[in-house]
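Engineer: In the working numbering, the protein residues as written are 85 to 740.
1) Quick one: using the 10 Å Cβ neighbour count with 16 as the cut-off for buried, is residue 687 buried or exposed?
2) Report the three-state DSSP secondary structure of residue 387 (helix, strand or coil).
3) Residue 419 bridges to which residues according to DSSP?
4) By how many angstroms is the C-alpha of residue 379 removed from the C-alpha of residue 409?
5) Specify the secondary structure class of residue 566 as computed by DSSP and reduced to three states.
6) Grab me the residues of residue 438's own chain with a C-beta within less than 6 angstroms of its C-beta, minus the 5 sequence neighbours each way, in chain order.
7) For the stretch 238 to 281, which segments carrying the beta strand (DSSP E) assignment without a break, of at least 3 residues, lie completely within its bounds, in sequence order?
8) Please say whether residue 644 and residue 608 have beta carbons closer to each other than 8 angstroms?
9) Provide the residue(s) that pair with residue 308 in DSSP beta bridges, ordered along the chain.
10) Within 10 angstroms of the Cβ of residue 132, are there 16 or more other Cβ atoms? Answer buried if so, exposed if not.
11) Look at residue 619 and residue 658 and say whether their C-beta atoms are less than 8 angstroms apart.
12) Measure how close the beta-carbons of residue 387 and residue 360 come, nearest whole angstrom, since I'm counting them as under 8 angstroms.
13) Could you check the C-alpha separation between residue 725 and residue 496 for me, to the nearest Å?
14) Taking its Cβ as the centre, do 16 or more other Cβ atoms sit within 10 Å of residue 347, making it buried, or is it exposed?
15) Run the CB neighbour count on residue 178, radius 10 Å, all protein chains shown included, and call it buried at 16 or more, exposed below.
16) Can you give me the C-alpha to C-alpha distance between residue 411 and residue 507, rounded to a whole angstrom?
17) Could you check which residue in 251, 680 and 275 has the C-alpha nearest to that of residue 239?
18) Cβ of residue 277 within 7 angstroms of any heavy atom in the ligand COA?
19) Please look up how many angstroms separate the CB atoms of residue 802 and residue 701, rounded, as I've assumed it's under 8 angstroms.
20) Around the Cβ of residue 256, are there at least 16 other Cβ atoms within 10 angstroms (buried) or fewer (exposed)?
21) Are the Cβ atoms of residue 330 and residue 293 separated by less than 8 angstroms?
22) Less than 8 angstroms separating the beta-carbons of residue 423 and residue 384?
23) For residue 254, is the classification buried or exposed, using 16 other Cβ atoms within 10 angstroms of its Cβ as the cut-off for buried?
24) Quick one: using the 10 Å Cβ neighbour count with 16 as the cut-off for buried, is residue 521 buried or exposed?
25) Using DSSP with H/G/I as helix, E/B as strand and the rest coil, what is residue 224?
26) Could you spell out the range, first to last residue, of the alpha helix (DSSP H) harbouring residue 589?
27) Mind checking residue 449: buried by the 16 CB within 10 Å criterion, or exposed?
28) Using CA atoms only, rank isn't needed, just tell me which of 564, 356, 304 and 420 is closest to residue 328.
29) Just list the residues that DSSP pairs residue 561 with in beta bridges.
30) Do residue 376 and residue 406 count as a contact pair if the criterion is CB distance below 8 angstroms?
31) What distance in whole Å lies between the Cβ atoms of residue 451 and residue 472, which are believed to be in contact at a cut-off of 8 angstroms?
32) Cβ atoms of residue 371 and residue 403: under 8 angstroms apart, would you say?
33) Tell me whether residue 271 is buried or exposed, calling it buried when 16 or more other Cβ atoms sit within 10 Å of its Cβ.
34) Could you name the residues of the same chain whose beta carbon sits closer than 6 angstroms to that of residue 336, not counting the 5 residues immediately before and after it, in chain order?
35) Do you know how far the Cα of residue 459 is from the Cα of residue 741?
36) Nearest-angstrom Cα distance between residue 572 and residue 324?
Next comes the structure, spelled out in structure tokens:
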């Protein structure tokens with residue numbers, strides 16, 4: 085058993101005096117007892133220290149209440165016999181035989197095995213958690229520093245190791261890598277993006293860097309993404325196998341398989357402190373070893389992103405079963421993303437069980453299950469997830485029972501994304517009722533949907549309620565891009581928009597006809613007179629049709645209104661094909677506008693004359709500091725030097 089230092093023991097004893105709690109964690113690093121009663125037996129109070137997260141259980145006269153609906157377990161005794169830590173509980177339910185329940189080995193054994201032992205002996209305990217169960221996180225850097233590796237003031241050791249490995253391998257040393265490390269240290273940045281380094285210096289010996297990172301204690305985050313490097317999976321294996329300081333690992337969109345060694349590395353390194361794991365867009369070759377690692381994962385893990393990472397439904401079954409089996413991880417995880425992984429009925433059942441069994445007391449706030457094929461039939465109902473703040477269920481099929489999805493109050497919800505889901509009227513009404521009753525700031529994404537006329541009328545009617553009541557007072561962001569809306573209906577929608585909006589997307593809803601200019605004028609007036617909090621406006625056109633709309637200026641009335649606007653900071657009017665005429669009108673409007681800082685105008689057929697006017701504008705408008713590089717227009721070789729000059733001017737303004 086790990087011996088406690090004097091400082092740890094002092095902290096634990098002081099903490100126990102203040103808290104009438106029992107703390108249970110993942111890895112046993114230290115145990116403290118407090119004697120109760122005249123017999124001085126070790127009973128009822130224990131403090132088990134883990135890496136990061138603390139789960140406190142209330143005590144009632146020395147008894148540990150798992151749930152008011154189930155029996156009570158009394159912490160009977162904790163003692164050390166040889167190398168084994170004996171933890172004994174006494175079941176106070178008279179129908180259950182009193183017995184010692186389990187043994188915990190302190191050397192690297194995960195405490196979730198303890199929980200599984202309780203589950204096996206007394207199944208009823210697993211169906212509920214007490215209403216008094218709470219979650220607290222303390223910074224062990226400040227109170228138990230001896231448990232963490234010593235802090236390193238500089239990455240000097242990393243650089244020296246890298247240079248030594250290069251000398252041994254006979255490979256050239258990358259000056260760019262040394263420069264990047266030096267620059268990151270200058271601003272005390274602990275986030276290393278290896279893909280950026282390879283973009284700058286493709287000849288760098290990445291193997292030498294990976295070897296140096298194995299024992300790195302400076303960087304807390306390493307990121308690989310958007311580069312098809314076959315060896316990258318092997319590189320991460322070597323890092324994960326030894327490193328004990330990284331808290332964030334990103335291996336995203338690499339277009340190569342992750343080897344089975346990744347899971348083995350996580351298992352072999354029980355002392356890792358990874359809290360954010362992002363393997364999105366990268367396939368797992370062997371889900372078995374990775375799922376095994378999830379089952380043993382320390383409870384400090386806060387976010388898992390496995391979007392598109394599973395090759396089959398059986399693979400995601402293994403992951404969901406492991407997640408369900410790791411009680412501490414389930415209680416502590418804050419964000420889960422399993423989008424773009426197809427789920428069958430068994431997978432839906434597993435996910436539904438996880439929702440149901442932990443819904444009342446876990447920390448989950450962000451959930452993304454878009455494009456998984458889920459129809460949300462029982463038992464997988466989001467009604468168990470009232471604590472969610474972010475929910476993305478886009479691009480999933482719609483069933484007859486979809487309306488049960490929004491039976492929950494979702495009282496904490498802040499963002500709901502249902503893109504590409506053509507929900508029936510009943511489900512849409514329930515969703516809007518949830519939003520209308522909320523007292524929080526709500527963001528709602530209902531884009532890429534072909535709404536029937538009656539559904540669209542429901543949206544307009546609900547938005548119009550703000551004229552006579554405080555409903556939807558918290559709707560701050562609304563995405564209605566690509567909803568196949570008629571111009572007359574769009575006019576009514578614009579008039580009904582709530583004054584609380586801060587972000588608005590209406591992309592691909594404007595078509596070049598005689599009534600569009602009137603509609604755009606209504607939008608501009610509404611923004612200035614009613615939407616006085618709007619900061620973000622995305623009004624992209626149709627990229628495929630923009631080349632056929634040359635010299636169309638139906639969007640110019642909006643530019644005229646921008647002269648008086650003082651709130652909009654982000655404006656995207658790409659792919660309308662308004663050519664130099666419309667772009668010139670925008671430039672004249674920006675001479676008077678003092679709020680827009682980000683502008684995107686690509687795909688409008690602007691020529692050299694238009695961009696020369698824009699370059700002159702930058703001499704008068706000092707607010708604009710970000711202009712999305714117009715890649716469509718840059719295909720003209722004559723325009724490229726001018727566009728790069730514009731980019732350089734804004735870059736100097738942003739980074740003086």
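No residue lacks a Cβ here, since even glycine has one placed at the ideal position from N, Cα and C.
Structural biologist: On the basis of the data shown:
1) Stepping through the chain shown from its first residue, residue 687 is reached at position 603. Counting Cβ neighbours within 10 Å, residue 687 comes out buried, since at least 16 surround it.
2) The count along the chain shown starts at 1 and reaches residue 387 at position 303. Three-state result, residue 387: strand.
3) Residue numbering aside, residue 419 sits at position 335 when the chain shown is read from its first letter. Answer is 387 and 450, bridged to residue 419.
4) By 1-based counting over the chain shown, the position of residue 409 is 325. By 1-based counting over the chain shown, the position of residue 379 is 295. So the alpha carbons of these two residues sit roughly 6 angstroms apart.
5) Looking up residue 566 in the chain shown gives position 482. Note: residue 566 maps to coil in three-state DSSP.
6) To locate residue 438, count along the chain shown from 1; it is residue 354. Taken in chain order, the residues that qualify are 408.
7) DSSP assignment within the stretch 238 to 281 yields the following whole beta strand (DSSP E) runs of 3 residues or more, N-terminal first: 275 to 277.
8) Taking the first residue of the chain shown as position 1, residue 608 is located at position 524. Taking the first residue of the chain shown as position 1, residue 644 is located at position 560. Yes. Within cutoff.
9) Indexing the chain shown from 1 puts residue 308 at position 224. Partner(s): 335.
10) Here residue 132 refers to the residue found at position 48 of the chain shown. Low local confidence applies: a pLDDT of 31 at residue 132 is under 50, so the model's placement there is unreliable, with the coordinate-based value given in what follows. Buried, since its Cβ has 16 or more Cβ neighbours within 10 Å.
11) Taking the first residue of the chain shown as 1, we reach residue 619 at position 535. Taking the first residue of the chain shown as 1, we reach residue 658 at position 574. No; because the gap between Cβ atoms is not below 8 angstroms, this pair is not in contact.
12) Here the question's residue 387 lines up with position 303 in the chain shown. Here the question's residue 360 lines up with position 276 in the chain shown. Residue 387 to residue 360, Cβ: 5 angstroms. Contact.
13) Residue 725 sits at position 641 when you count from the first residue of the chain shown. Residue 496 sits at position 412 when you count from the first residue of the chain shown. Residue 725 and residue 496: Cα-Cα distance of roughly 50 angstroms.
14) Locating residue 347 in the chain shown gives position 263, counting from the first residue. Classification of residue 347: buried, given that the 10 Å Cβ count is 16 or more.
15) For the purposes of this step, residue 178 is identified with residue 94 of the chain shown, where counting begins at 1. Because residue 178 sits at a pLDDT of 43, beneath the cut-off of 50, its placement in the model cannot be relied upon, and the following sentence gives the value as read from the coordinates. The residue is exposed, with fewer than 16 neighbouring Cβ atoms inside 10 Å.
16) The residue you call residue 411 lines up with position 327 of the chain shown. The residue you call residue 507 lines up with position 423 of the chain shown. The alpha-carbon atoms of residue 411 and residue 507 are separated by roughly 34 angstroms.
17) As a first step, residue 239 must be located in the chain shown, where it is residue number 155. For residue 239, the nearest C-alpha among the options comes from 275.
18) The ligand COA is not among the ligands present in this structure, which contains no ligands whatsoever.
19) Absent from the model: residue 802. The displayed extent of the chain is 85 to 740, so no value can be given.
20) For the purposes of this step, residue 256 is taken as the residue at position 172 of the chain shown. Burial call: exposed.
21) One-based indexing of the chain shown puts residue 330 at position 246. One-based indexing of the chain shown puts residue 293 at position 209. Their beta carbons are not under 8 angstroms apart, which means residue 330 does not touch residue 293 by this criterion.
22) As a position in the chain shown, residue 423 is number 339, starting the count at 1. As a position in the chain shown, residue 384 is number 300, starting the count at 1. No Cβ-Cβ contact shorter than 8 angstroms links residue 423 with residue 384.
23) In the chain shown, residue 254 corresponds to position 170, counting from 1. Looking at its Cβ environment, which holds fewer than 16 other Cβ atoms inside 10 Å, residue 254 is exposed.
24) Indexing the chain shown from 1 puts residue 521 at position 437. When all chains shown are included, residue 521 counts as exposed.
25) Counting from one through the chain shown, the residue named residue 224 turns up at place 140. Caution applies to residue 224, whose pLDDT of 25 falls short of 50 and renders its modelled position unreliable; the value that the coordinates give is listed next. Three-state DSSP puts residue 224 in a helix.
26) Here residue 589 refers to the residue found at position 505 of the chain shown. That residue, residue 589, is in no alpha helix (DSSP H); its beta strand (DSSP E) goes 587 to 589.
27) One-based indexing of the chain shown puts residue 449 at position 365. Burial call: buried.
28) Mapped onto the chain shown, residue 328 falls at position 244. Here the closest residue by C-alpha is 356.
29) Mapped onto the chain shown, residue 561 falls at position 477. Note: residue 561 sits in a beta bridge opposite 527 and 587.
30) Translated into positions along the chain shown, residue 406 becomes position 322. Translated into positions along the chain shown, residue 376 becomes position 292. Closer than 8 angstroms, so yes.
31) Along the chain shown, read from residue 1 onward, the residue named residue 472 stands at position 388. Along the chain shown, read from residue 1 onward, the residue named residue 451 stands at position 367. Their Cβ separation, rounded to whole angstroms, is 6 angstroms, which keeps residue 472 and residue 451 in contact under 8 angstroms.
32) Position 319 of the chain shown, counting from 1, holds the residue named residue 403. Position 287 of the chain shown, counting from 1, holds the residue named residue 371. Cβ atoms of residue 403 and residue 371: closer than 8 angstroms.
33) Position 187 of the chain shown, counted from the start, is the residue given in the question as residue 271. Exposed, by the Cβ-count rule.
34) By 1-based counting over the chain shown, the position of residue 336 is 252. Here the set comprises 309, 362, 364 and 365.
35) Given that the chain is displayed from residue 85 to residue 740, the structure contains no residue 741 and the question cannot be resolved.
36) What you label residue 572 is simply residue 488 of the chain shown in a count that begins at 1. What you label residue 324 is simply residue 240 of the chain shown in a count that begins at 1. Roughly 58 angstroms between the two C-alpha positions.
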